[in-house]
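What follows is one structure encoded as structure tokens, with my remarks underneath.
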Amino acid sequence: MSDITLSLASVAKSFGIVRVLEAIDLEIARGERHALIGPNGAGKSTLFNLISGAFAPTSGTITLNGAAIGGLVPHKINRAGLGRSFQITHVFDKLTVRENIMLSVMGRFGKRWSLLRRGPVWTDIARETDAILEGANLTTRAHKRAGDLAYSEQRAVEICMTVGTGADLILLDEPTAGMSREETEHVITFIRRMTEGRTLVMVEHDMDVVFNLADRVSVLVNGRILMTGTPAEIRADARVKEAYLGEGAH
Amino acid sequence: MDTVVVALLNGVIYGLLLFMISSGLTLIFGMMGILNFAHASFYMLGAYLAFTAVTIFGFWGGILVGTLGVALIGFVCERYLLRHVRSFGHVQELLLTFGLFFAFEELVKLFYGPYAVAYSVPESLRFAAFTIGDASYPFFRVLIGATAIVMFAAIFCLLRFTRIGLVVRAAVLNPDMVRALGYNVSAIFSAMFAVGAGLAGLAGAMGGAYYTTSPNMATELGVIVFVVVVVGGLGSVGGALIASLLIGILVNAVVYLDVTFGQILATIGLVSQKTASDLLAVPLSSTAGVLPFLLMLLVLMFRPQGIAGDDRA
Numbered sequence: 009m010s011d012i013t014l015s016l017a018s019v020a021k022s023f024g025i026v027r028v029l030e031a032i033d034l035e036i037a038r039g040e041r042h043a044l045i046g047p048n049g050a051g052k053s054t055l056f057n058l059i060s061g062a063f064a065p066t067s068g069t070i071t072l073n074g075a076a077i078g079g080l081v082p083h084k085i086n087r088a089g090l091g092r093s094f095q096i097t098h099v100f101d102k103l104t105v106r107e108n109i110m111l112s113v114m115g116r117f118g119k120r121w122s123l124l125r126r127g128p129v130w131t132d133i134a135r136e137t138d139a140i141l142e143g144a145n146l147t148t149r150a151h152k153r154a155g156d157l158a159y160s161e162q163r164a165v166e167i168c169m170t171v172g173t174g175a176d177l178i179l180l181d182e183p184t185a186g187m188s189r190e191e192t193e194h195v196i197t198f199i200r201r202m203t204e205g206r207t208l209v210m211v212e213h214d215m216d217v218v219f220n221l222a223d224r225v226s227v228l229v230n231g232r233i234l235m236t237g238t239p240a241e242i243r244a245d246a247r248v249k250e251a252y253l254g255e256g257a258h
Numbered sequence: 573m574d575t576v577v578v579a580l581l582n583g584v585i586y587g588l589l590l591f592m593i594s595s596g597l598t599l600i601f602g603m604m605g606i607l608n609f610a611h612a613s614f615y616m617l618g619a620y621l622a623f624t625a626v627t628i629f630g631f632w633g634g635i636l637v638g639t640l641g642v643a644l645i646g647f648v649c650e651r652y653l654l655r656h657v658r659s660f661g662h663v664q665e666l667l668l669t670f671g672l673f674f675a676f677e678e679l680v681k682l683f684y685g686p687y688a689v690a691y692s693v694p695e696s697l698r699f700a701a702f703t704i705g706d707a708s709y710p711f712f713r714v715l716i717g718a719t720a721i722v723m724f725a726a727i728f729c730l731l732r733f734t735r736i737g738l739v740v741r742a743a744v745l746n747p748d749m750v751r752a753l754g755y756n757v758s759a760i761f762s763a764m765f766a767v768g769a770g771l772a773g774l775a776g777a778m779g780g781a782y783y784t785t786s787p788n789m790a791t792e793l794g795v796i797v798f799v800v801v802v803v804g805g806l807g808s809v810g811g812a813l814i815a816s817l818l819i820g821i822l823v824n825a826v827v828y829l830d831v832t833f834g835q836i837l838a839t840i841g842l843v844s845q846k847t848a849s850d851l852l853a854v855p856l857s858s859t860a861g862v863l864p865f866l867l868m869l870l871v872l873m874f875r876p877q878g879i880a881g882d883d884r885a
């Protein structure tokens with residue numbers, strides 16, 4: 009395995025005649041925490057959807073752990089090692105927290121189509137599920153319906169699910185959107201702990217979160233990467249200030 | 573009193589037959605968002621397939637062929653037709669199934685003619701299950717009801733207690749997330765569509781033998797099945813069960829109630845006996861055809877999401 013987990017080379021995406029992304033080049037190192045920022049409509053979500061397989065790129069190649077994944081269907085990309093969360097919370101609200109997480113762990117153990125739960129592998133699945141619950145301080149919530157949890161807890165469940173599939177690249181789409189300051193801080197700590205040893209790419213609007221969590225930041229403006237650098241470099245750059253921080257930072 | 577019991581039983585069994593068809597429709601809608609106009613066609617195809625196969629495989633073989641054959645047709649429709657229009661949105665899917673509905677009806681007319689065919693319950697199964705007062709109750713009706721109950725129990729257990737059921741329930745709630753977790757949702761959809769179609773096929777193979785097998789059966793039942801799904805709540809299997817029974821019992825009950833509107837109004841003193849027997853001598857049973865729609869209207873007015881539906885739909 010190389011030191012590059014995810015690599016994008018000249019990736020472009022058009023919807024009809026509208027070019028949303030043009031010539032995106034990006035390399036994300038193993039274990040890196042990378043944030044994508046940029047004004048609304050810059051193409052962040054589209055880029056996420058290309059990486060996770062919701063759309064196929066118009067041109068260019070996307071490589072995950074050395075394998076080309078551009079244009080594959082989402083479940084195949086997941087099996088190649090990618091876990092993602094969504095901008096709007098995507099937990100299964102009517103299932104219990106434990107069932108939610110078990111669904112993600114079942115996939116990792118290759119038990120997607122089992123009728124019954126017999127055999128040693130189910131012991132492993134149960135143990136792994138409980139370990140994730142324990143690690144996320146969700147053990148007391150295990151048998152509650154996910155939809156009955158507080159919003160920040162639902163996001164925590166969702167992050168557990170992205171991790172539970174065994175993915176080594178985690179994509180988080182605005183993980184702290186709509187949270188209070190206190191909840192946000194809690195979630196940042198949580199993300200840092202849960203993604204330990206994995207590679208993280210996230211879209212985030214909250215600059216405090218970005219500068220607090222990310223090792224490197226890419227600024228996306230009008231479908232192009234304006235610059236990539238450490239949080240300090242991004243903060244100091246005049247072009248970024250003009251394009252984004254000046255108007256966008258709240 | 574006896575007639576009331578018979579009417580109730582008939583209602584329950586007709587309701588259970590409705591449920592066999594509508595459960596597939598509501599499951600498919602809940603999972604895939606497809607309002608399958610051709611679903612009642614699967615009911616019709618089940619009857620015709622069974623009718624055709626009966627001569628070769630016998631009655632039970634015919635029922636099996638009807639069920640599995642329609643499941644296969646459903647699978648092909650989903651995999652090779654619906655999937656191609658999915659990216660264009662639900663309206664296109666709806667139009668496609670609308671087209672399928674007519675295509676199936678015309679195909680059946682082409683091969684079997686425009687009139688009912690002589691598909692019926694074999695002599696060996698025509699005996700009374702029990703008698704109520706003077707009336708004997710046919711065994712095959714009871715069998716239709718029992719099949720529906722067994723089927724409901726099977727679906728319920730599959731969805732509730734098995735791991736694969738967990739995946740299916742999750743896919744109903746949120747297909748995108750299930751995909752993101754590495755599950756092949758398209759395969760789940762194809763399988764579900766096939767199962768839903770197969771259930772309608774089973775209902776057709778059994779119902780067609782007892783009632784009539786004609787090219788109109790899809791049209792006749794299709795509308796009622798949609799009413800069931802709307803009243804029960806789109807996507808809810810439990811709701812479909814309640815709505816099916818409600819409509820079955822309601823429709824059968826008024827047929828057996830030998831009263832007119834005039835008599836009812838006269839009894840509560842709103843009109844004179846003369847008006848009741850002249851102008852308002854409309855029998856209550858004539859409303860049987862309207863009742864399901866009246867029920868749907870009331871449900872849509874006061875509980876738009878249906879009896880057991882959630883706010884999503």
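Residue numbers (this note's numbering), protein chains in the order written: chain A, 9 to 258; chain B, 573 to 885.
Ideal Cβ positions, reconstructed from N, Cα and C, are used throughout, including at glycine.
query                                                                                                                                                                         : result
In the region 55 to 73 of chain A, which residues sit with their C-beta less than 9 Å from some C-beta in chain B, listed in chain order?                                     : Ser60, Gly61, Ala62
On a CA-only basis, which of A/Asn108, A/Arg87, A/Gly89 is nearest A/Thr97? Give me that one, please.                                                                         : A/Asn108
CB A/Gln95 to CB A/Glu182, shorter than 7 Å?                                                                                                                                  : yes
Let me know if A/Thr238 comes out buried or exposed under the rule of 16 or more other beta-carbons within 10 Å of its beta-carbon.                                           : exposed
Of the residues B/Val799, B/Ser758, B/Pro855, B/Met604, which one's Cα is nearest the Cα of B/Leu818?                                                                         : B/Val799
Measuring CB atoms only, is the region 218 to 225 of chain A touching the region 41 to 48 of chain A, in the sense that at least three cross pairs come out at less than 8 Å? : yes
Considering B/Gly633, what are the terminal residues of the alpha helix (DSSP H) in which it resides?                                                                         : 611 to 648
Compare the C-beta of A/Thr13 against all C-beta atoms of chain B and say whether one is closer than 7 Å.                                                                     : no
Identify the continuous alpha helix (DSSP H) that holds B/Met603 and give its terminal residues.                                                                              : 574 to 604
One question on the structure: do A/Ile32 and A/Gly61 come within less than 7 Å of each other, judged by their Cβ atoms?                                                      : no
Anything in chain A within Cβ reach of B/Asp706, meaning under 7 Å, just list it in chain order.                                                                              : None at all; the shortest Cβ gap to chain A is about 48 Å.
Tell me the DSSP secondary structure of B/Tyr755 in three-state form.                                                                                                         : coil
What residues of chain B sit near A/Asn145, judged by a beta carbon separation below 7 Å?                                                                                     : The premise fails here: A/Asn145 is roughly 22 Å from chain B at the closest Cβ pair, so nothing lies under 7 Å.
Starting from the Cα of A/Val227, find the closest Cα among A/Ile140, A/Gly51, A/Lys21, A/Ala20 and give me that residue.                                                     : A/Gly51
Say whether chain B places a C-beta atom closer than 7 Å to the C-beta of A/Phe100.                                                                                           : yes
Which term fits B/Tyr586, buried or exposed, when burial requires 16 or more other beta carbons within 10 angstroms of its beta carbon?                                       : buried
Does the pairing of the region 766 to 777 of chain B with the region 632 to 648 of chain B give three or more beta-carbon distances under 8 Å?                                : yes
Note down, in chain order, every chain B residue with its Cβ under 9 Å from the Cβ of A/Asn86.                                                                                : Arg751, Ala752, Leu753, Gly754, Tyr755
Apply the 10 Å Cβ neighbour rule to B/Gly583 and answer buried if 16 or more other Cβ atoms are within range, or exposed otherwise.                                           : buried
With B/Gly685 as the anchor, note down where its alpha helix (DSSP H) starts and where it stops.                                                                              : That residue, B/Gly685, is in no alpha helix (DSSP H); it is neither H nor E in DSSP.
Three Cβ pairs or more, each shorter than 8 Å: is that satisfied between the region 840 to 860 of chain B and the region 591 to 602 of chain B?                               : no
According to DSSP, is A/Gly68 part of a helix, a strand, or is it coil?                                                                                                       : strand
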